[in-house]
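S.K.: Everything in the sequence shown is counted per the numbering used here, starting at 120 for the first residue and increasing by one.
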Amino acid sequence: MSTPIGPTDSSLVPRFAGPATFARLPRTDEVAKTDIAVVGIPFDSGVSYRPGARFGPAAIREASRLLRPYNPGLDVSPFAEVQVADGGDIAVNPFAIKEAIATVEASASELLSQGTRLVTLGGDHTIALPLLRAVHRVHGPVALLHFDAHLDTWDTYFGEPYTHGTPFRRAVEEGILDTEALTHVGIRGPLYGKKDLEDDRRFGFGIVTAADVMRRGVDEIADMVRQRIGNRPLYVSVDIDVLDPAHAPGTGTPEAGGLTSRELLELLRGLASCNLVGADVVEVSPAYDHAQITATAAAHVAYDLVSLLALTAKKDR
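Have a look at this one:
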């Protein structure tokens with residue numbers, strides 16, 4: 120195995136200089152083989168309220184300049200363990216949701232076929248569906264851990280079945296999720312009706328509310344989630360609005376009473392023993408951000424997801 124090419128050395132090139140790849144990593148076309156690719160999908164045509172997540176990947180990359188090579192929270196140097204690279208953006212049609220979904224699915228499938236694991240930067244939550252389709256082709260039905268203020272298992276918006284509020288209902292209907300291992304974390308806020316919860320339970324989801332995390336604590340919740348997941352292949356989807364607006368104001372559908380960034384990162388670190396096969400971080404809308412608060416949180420979440428994937432890849436070797 121060749122030595123991975125790591126980020127630009129910040130002792131030689133200041134962090135505020137040079138191309139804004141994720142964590143200042145090389146591009147995929149600058150390395151022979153990519154074990155983990157960080158890929159952007161600048162798409163937000165599926166949003167139901169505030170747009171702007173199409174600019175999320177660029178904002179997250181810019182905020183990631185300060186990330187460093189060693190992750191003490193997971194005791195891993197991900198960029199030294201495996202080859203991590205920035206795969207650029209998947210360019211999708213902003214005027215045709217179904218076409219955009221097909222493009223994402225095809226592009227993700229091509230990368231996965233090369234043995235590359237993906238951490239995807241959104242973009243709105245619509246993109247989770249084609250990403251899950253692509254992962255399913257490789258791993259079969261996967262466990263899903265979904266961090267979000269919202270269920271995202273609604274049926275349609277204005278008669279449209281593919282939006283940022285519907286991806287996981289479609290995924291259950293298509294049989295690409297393991298319905299014995301589906302969990303939402305961080306759910307809170309008003310719903311359209313009690314039927315929303317009834318439908319969600321029928322699909323197989325367990326719900327951990329933001330209040331549950333506050334009352335029961337991170338360690339207990341992480342243990343419960345690990346038991347539910349077991350050794351199944353796991354996909355993690357993080358809507359940044361799982362965080363309280365104090366920690367993530369730059370998002371399209373903010374809800375009061377959310378997780379802190381510390382709680383979210385510690386919950387992710389609790390997955391170190393799990394078989395993570397893919398992940399996304401979505402719904403960063405920088406026009407509503409302040410001082411890069413949201414983008415910084417998303418960059419650190421993506422960094423921990425890359426670190427978790429590096430641990431999985433290391434175990435697989």
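Backbone N, C-alpha and C fix where the C-beta goes; we use that ideal spot for every residue, glycine too.
Since the model is a prediction, treat every value here as computed from it, not as a measurement.
In chain order, what residues of the same chain have a beta carbon less than 7 Å from the beta carbon of Val-195, not counting five sequence neighbours either side?
M.R.: Residue 195 sits at position 76 when you count from the first residue of the sequence shown. Contacts found: Ser-426, Ala-429 and Leu-430.
S.K.: For Asp-423, which residues from the same chain have a beta carbon less than 8 Å from its beta carbon, with the 5 sequence-adjacent residues on both sides left out?
M.R.: Residue mapping note: residue 423 aligns to position 304 of the sequence shown, counting from 1. Counting only Cβ-Cβ distances below 8 Å, and skipping sequence neighbours, we find Asn-190, Gly-192, Leu-193, Leu-384, Leu-387 and Arg-388.
S.K.: Can you find at least 3 beta carbon pairs, one from the region 281 to 289 and one from the region 159 to 178, that sit closer than 8 Å?
M.R.: yes
S.K.: Is it buried or exposed for Gly-159, if we count other Cβ within 10 angstroms and need 16 for buried?
M.R.: Here residue 159 refers to the residue found at position 40 when the sequence shown is read from its first residue. So Gly-159 counts as buried.
S.K.: Taking 7 Å as the threshold (C-beta atoms), are Val-337 and Ile-179 in contact?
M.R.: Residue mapping note: residue 179 aligns to position 60 of the sequence shown, counting from 1. Residue mapping note: residue 337 aligns to position 218 of the sequence shown, counting from 1. For Ile-179 and Val-337, no; Cβs fall outside 7 Å.
S.K.: Assuming Phe-266 and Val-332 are in contact, meaning their beta carbons sit under 8 Å apart, how far apart are those beta carbons, in whole angstroms?
M.R.: In the sequence shown, counting from the first residue as 1, residue 266 sits at position 147. In the sequence shown, counting from the first residue as 1, residue 332 sits at position 213. With a Cβ gap of about 10 Å, Phe-266 and Val-332 do not count as contacting.
S.K.: So, for Val-238: in the same chain, excluding its five sequence neighbours on each side, which residues have a beta-carbon less than 6 Å away from its beta-carbon?
M.R.: Translated into the one-based positions of the sequence shown, residue 238 becomes position 119. Around Val-238: Val-157, Ala-398, Ala-421, Leu-424 and Val-425.
S.K.: Quick check: Ser-228 and Ala-253, are their CB atoms within less than 7 Å of each other?
M.R.: Within the sequence shown, numbered from 1, the residue matching residue 228 stands at position 109. Within the sequence shown, numbered from 1, the residue matching residue 253 stands at position 134. Cβ atoms of Ser-228 and Ala-253: closer than 7 Å.
S.K.: Can you tell me which of Thr-298, Gly-175, Leu-251 and Ser-392 puts its alpha carbon nearest to the alpha carbon of Ala-225?
M.R.: Position 106 of the sequence shown, counted from the first residue, corresponds to residue 225. Ala-225 has its Cα closest to that of Leu-251, out of Thr-298, Gly-175, Leu-251 and Ser-392.
S.K.: Report the rounded CA-to-CA distance for Ala-268 versus Leu-240, giving the unit in angstroms.
M.R.: Counting from one through the sequence shown, the residue named residue 268 turns up at place 149. Counting from one through the sequence shown, the residue named residue 240 turns up at place 121. Distance between the alpha carbons of Ala-268 and Leu-240: 18 Å.
S.K.: Nearest by alpha-carbon distance to Gln-233: which of His-303, Leu-264 and Thr-153 is it?
M.R.: Here residue 233 is taken as the residue at index 114 of the sequence shown, counted from 1. Looking at the Cα atoms, Thr-153 is the closest of the given residues.
S.K.: Figure out for me which residue from Ile-359, His-366, Arg-351 and Pro-364 has the closest Cα to the Cα of Cys-393.
M.R.: On the sequence shown, residue 393 is found 274 positions in, with the first residue counted as 1. Of Ile-359, His-366, Arg-351 and Pro-364, the residue nearest in Cα terms is Arg-351.
S.K.: Below 6 Å CB to CB, which residues in the same chain sit around Thr-415 once its five sequence neighbours on both sides are set aside?
M.R.: Locating residue 415 in the sequence shown gives position 296, counting from the first residue. Counting only Cβ-Cβ distances below 6 Å, and skipping sequence neighbours, we find Ala-182.
S.K.: If Gly-349 and Ala-290 are in contact, beta carbons under 8 Å, what's the gap, nearest whole angstrom?
M.R.: Here residue 349 is taken as the residue at index 230 of the sequence shown, counted from 1. Here residue 290 is taken as the residue at index 171 of the sequence shown, counted from 1. With 8 Å as the limit, Gly-349 and Ala-290 do not qualify as a contact, their Cβ atoms being about 19 Å apart.
S.K.: If you draw a straight line from the alpha carbon of Gly-305 to that of Ile-326, how long is it in whole angstroms?
M.R.: Residue 305 sits at position 186 when you count from the first residue of the sequence shown. Residue 326 sits at position 207 when you count from the first residue of the sequence shown. Taking the straight line joining both Cα atoms gives about 8 Å.
S.K.: Would you say Tyr-354 lies against chain C (beta-carbon separation less than 7 Å)?
M.R.: Going by chain labels, chain C is absent from the structure shown, which holds only one protein chain.
S.K.: May I ask you to report which of helix, strand or coil DSSP gives Ser-356?
M.R.: Walking along the sequence shown from the start, residue 356 turns up at place 237. Note: Ser-356 maps to strand in three-state DSSP.
S.K.: Return the residue from the list Thr-272, Val-361, His-303 and Lys-433 that minimises the CA-CA distance to Arg-288.
M.R.: If you number the sequence shown from 1, residue 288 lands on position 169. Checked all of Thr-272, Val-361, His-303 and Lys-433; the closest Cα to Arg-288 is Thr-272.
S.K.: Measuring straight from C-alpha to C-alpha, what distance separates Arg-143 and Ala-151?
M.R.: Reading the sequence shown from its first residue, position 24 is the one you call residue 143. Reading the sequence shown from its first residue, position 32 is the one you call residue 151. Rounded to whole angstroms, Arg-143 to Ala-151 spans 17 Å at the Cα level.
S.K.: If distances are taken between C-alpha atoms only, which option among Arg-307, Ile-246 and Phe-324 comes closest to Val-401?
M.R.: The sequence position of residue 401 within the sequence shown is 282, counting from 1. Taking the Cα of Val-401 as reference, the smallest distance to any Cα among Arg-307, Ile-246 and Phe-324 is reached at Ile-246.
S.K.: Quick one: what's got a C-beta closer than 6 Å to Ala-219's C-beta in the same chain, skipping five residues either side?
M.R.: Stepping through the sequence shown from its first residue, residue 219 is reached at position 100. Taken in chain order, the residues that qualify are Phe-162, Val-211 and Asn-212.
S.K.: Flag this pair as yes or no: are the beta carbons of Pro-138 and Ile-124 separated by less than 7 Å?
M.R.: Translated into positions along the sequence shown, residue 138 becomes position 19. Translated into positions along the sequence shown, residue 124 becomes position 5. No, these two residues do not count as a Cβ contact at 7 Å.
S.K.: Could you check if Gly-242 is buried or exposed, using at least 16 other CB atoms within 10 Å of its CB as the buried criterion?
M.R.: The sequence position of residue 242 within the sequence shown is 123, counting from 1. Classification for Gly-242: buried.
S.K.: With a threshold of 16 other CB atoms inside 10 Å of the CB of Ala-204, please say whether the residue is buried or exposed.
M.R.: Here residue 204 corresponds to residue number 85 of the sequence shown, with the count starting at 1. Ala-204 comes out buried.
S.K.: Taking DSSP's pairing of strands, which residues face Leu-264 in a bridge?
M.R.: For this step, residue 264 is matched to residue 145 along the sequence shown. According to DSSP, which records beta bridges pairwise, Leu-264 is partnered with Thr-302 and Val-355.
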